[in-house]
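Colleague:
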Amino acid sequence: MSVAVVTDSTAYLPDTGGLTVVPLHVVVGDRELPEVPGLSSAELSRMLRDRRVPVTTSRPAPERFAEAYRRLLDGGATGVVSVHLSARLSGTVEAAQLAAAPFGDAVRVIDSRSAGMATGFAALAAAACTDLDEAAKAAQTAVERTTSLFYVDTLDFLRRGGRIGAASALVGTALSVKPILRVTDGAIVVRDKVRTAGRALARLADLTVEAAGDGDVDLAVHHLAAPDRAAELLARVAERLGPKLRERHLTEIGAVVGAHLGPGAICAVIHRR
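full-length UniProt numbering puts the first residue of the sequence shown at 1, with every later residue one more than the last.
Below is the structure:
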């Protein structure tokens with residue numbers, strides 16, 4: 001008997017292990033595909049650059065979560081912790097809450113207030129516990145100890161998807177400014193501004209090290225169609241953090257988050273242990 005953990009496909013975990021992953025969907029023209037397996041990153045990048053076919057995203061139906069919760073509880077789980085991307089970026093948390101309501105206190109839904117491995121670190125923290133209350137608390141603590149920073153080549157994809165306001169989007173067009181963004185209280189905000197992509201990578205490394213603080217940390221670097229820049233960022237941060245850096249992950253962004261960030265995006269997710 002143990003606690004089961006459910007998350008969604010935007011966690012981009014390098015290894016899902018015993019976690020249950022419910023996929024979000026990518027809508028390409030008139031086709032709706034689950035993110036897993038769904039589109040490859042290369043296909044997504046090509047479609048986003050083409051722009052002739054609209055690419056949008058959609059949350060899972062509450063029924064998908066209800067099916068997962070019922071299967072896990074019927075299979076012997078003492079409870080379920082369900083960890084998902086920010087409610088301010090997607091309706092996924094709402095769908096999970098609707099599905100969880102009939103199960104009462106047996107299912108706890110946690111808003112990661114971010115996406116990518118910010119969600120993944122919280123899910124992994126819950127999975128390390130055997131008591132439901134402790135698992136929910138561990139997930140919430142991981143949320144509070146995680147910072148997400150990222151760079152995008154253009155804010156146009158975020159603007160079109162409604163994930164950043166038009167006023168903020170102007171920052172990225174005026175005088176060729178390259179913004180560094182941060183997820184704050186579940187929403188995307190401009191953290192800093194630099195002049196070139198090269199300087200943006202250096203500044204992203206600085207902010208990631210700053211977010212790490214003085215203790216041990218885990219780091220995830222995500223990218224879309226920018227493996228060299230992602231590897232360079234990871235190497236820069238790892239060199240500066242030294243033995244404080246415990247776990248490190250380098251993964252490509254999936255289609256759902258990638259559709260809103262666009263090709264060239266680099267994300268750094270720092271989890272303070």
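Beta carbons are placed, not taken as given, at the ideal position from N, Cα and C, and that holds for glycine.
If we count the other Cβ atoms within 10 Å of its Cβ and call it buried at 16 or more, is V257 buried or exposed?
Modeller: buried
Colleague: Rounding to the nearest angstrom, what Cα-Cα distance links R46 and G91 in this structure?
Modeller: In this structure, the straight-line span from the alpha carbon of R46 to that of G91 is close to 27 Å.
Colleague: Quick check: the segment 218 to 228 against the segment 29 to 48, are at least 3 beta-carbon pairs closer than 8 Å?
Modeller: Under the three-pair Cβ rule at 8 Å, the segment 29 to 48 counts as touching the segment 218 to 228.
Colleague: Quick check on this structure: which residue in L98, G76 and A127 has the alpha carbon closest to the alpha carbon of R59?
Modeller: L98
Colleague: From the DSSP output, in three-state form, read off R145 for me.
Modeller: Correct three-state label for R145: coil.
Colleague: What residue does the beta strand (DSSP E) around L33 start on, and which one ends it?
Modeller: Run containing L33: R31 to P34, per the beta strand (DSSP E) assignment.
Colleague: D133 by DSSP, collapsed to three states: which one?
Modeller: Reduced to three states, the DSSP call for D133 is helix.
Colleague: Are the C-beta of H84 and some C-beta of chain D separated by less than 7 Å?
Modeller: Among the chains of the structure shown, chain D does not appear; only one protein chain is present.
Colleague: Starting from L224 and walking both ways along the beta strand (DSSP E), at which residues does that stretch end?
Modeller: Run containing L224: none; DSSP gives neither H nor E here.
Colleague: Report the three-state DSSP secondary structure of T56 (helix, strand or coil).
Modeller: strand
Colleague: Pick helix, strand or coil for A259, following the three-state DSSP scheme.
Modeller: helix
Colleague: Can you round the beta-carbon distance between V237 and G116 to whole angstroms, since I take them to be within the 8 Å contact cut?
Modeller: About 16 Å separates the two Cβ atoms, so there is no contact after all.
Colleague: Given a cut-off of 7 Å, decide if A11 and E81 are closer than it, judged by their beta-carbon atoms.
Modeller: Per the sequence shown, residue 81 should be read as Val rather than Glu. Against a cut-off of 7 Å, the Cβ pair of A11 and V81 comes out as no contact.
Colleague: Would you report the Cα separation of residue 274 and R70, rounded to the nearest angstrom?
Modeller: With the chain covering only 1 through 273, there is no way to say anything about residue 274.
Colleague: Can you check whether the CB of E247 is closer than 7 Å to the CB of D218?
Modeller: In this structure, E247 lies closer than 7 Å to D218 by Cβ.
Colleague: If A123 and T7 are in contact, beta carbons under 8 Å, what's the gap, nearest whole angstrom?
Modeller: Going by Cβ atoms, the distance from A123 to T7 rounds to 4 Å, so yes, they are a contact pair.
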